[in-house]
Amino acid sequence: MRLHTPWLPILFFSLAACGEGAEELPKAPQLISDRDEMAFDQEFRSGTYVGTTGFNSVQVKNMGEDTLDVSSIALSGPNVFTMKLSKDGQDLNPQEAFQVKSKERFFIEVTFRPREAQQYQGALLIKSNAANLPEKSITLNGLGIAPP
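Residue numbers for the sequence shown follow UniProt numbering, so the first one is 1 and each next one is one higher.
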């Protein structure tokens with residue numbers, strides 16, 4: 001008895017077409033972040049209790065062939081926001097320049113610790129040699145609320 005499966009060639013070619021092709025990168029460094037805004041505990045119009053700490057992070061990647069030279073990362077706004085920079089598991093100084101090779105990434109972790117029940121705003125500014133965004137701004141929004 002012979003098993004006849006007319007759908008097998010269709011399945012094979014469908015699966016073959018699903019593979020990821022090699023992505024061609026631009027030559028110049030490209031700064032790509034996974035977000036443009038960091039909001040702290042503001043889902044469902046909630047906020048962060050005064051005296052407690054909220055955390056958020058952004059991943060930044062170089063999607064160009066050439067090395068991305070980050071000259072500085074500055075945090076502006078009230079001092080209820082603080083930041084920590086890391087690359088390859090190592091903490092970095094945001095005022096010191098560093099390099100990110102092709103397809104590598106770094107992370108910026110921002111903490112938010114409100115002192116009063118009010119709205120807070122700030123920004124991160126990343127300066128680099130990226131062809132697409134030599135200056136990348138990421139807004140910070142936090143809402144301090146009184147504890148129950």
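In this text, a Cβ means the ideal position worked out from N, Cα and C, and glycines have one as well.
Bear in mind that the values here come from a model prediction, so they are computed numbers and not experimental data.
Item: Taking a contact to mean a Cβ-Cβ separation below 7 Å, would you say Ser33 touches Phe107 in this structure?; Value: no
Item: Under DSSP, the beta strand (DSSP E) around Met83 begins and ends at which residues?; Value: 81-87
Item: Taking the Cβ atom as the reference point for each residue, do Gln118 and Gly144 lie within a distance shorter than 7 Å?; Value: yes
Item: Under the rule that 16 or more other beta-carbon atoms within 10 Å means buried, what is Pro26, buried or exposed?; Value: exposed
Item: Quick one: residues in its chain with C-beta nearer than 7 Å to the C-beta of Leu75, no 5 flanking neighbours on either side, listed in chain order?; Value: Phe81, Met83, Gly122, Leu124
Item: Start and end of the beta strand (DSSP E) containing Lys136?; Value: 135-145
Item: Taking the beta strand (DSSP E) that Ser72 belongs to, which residues open and close that run?; Value: 68-76
Item: Which word fits Gln90, buried or exposed, when buried means at least 16 other C-beta atoms lie within 10 angstroms of its C-beta?; Value: exposed
Item: Flag this pair as touching only if the region 30-44 and the region 128-138 have three or more C-beta atom pairs under 8 Å; answer yes or no.; Value: yes
Item: So, with DSSP's three-state summary, where would you put Glu37?; Value: strand
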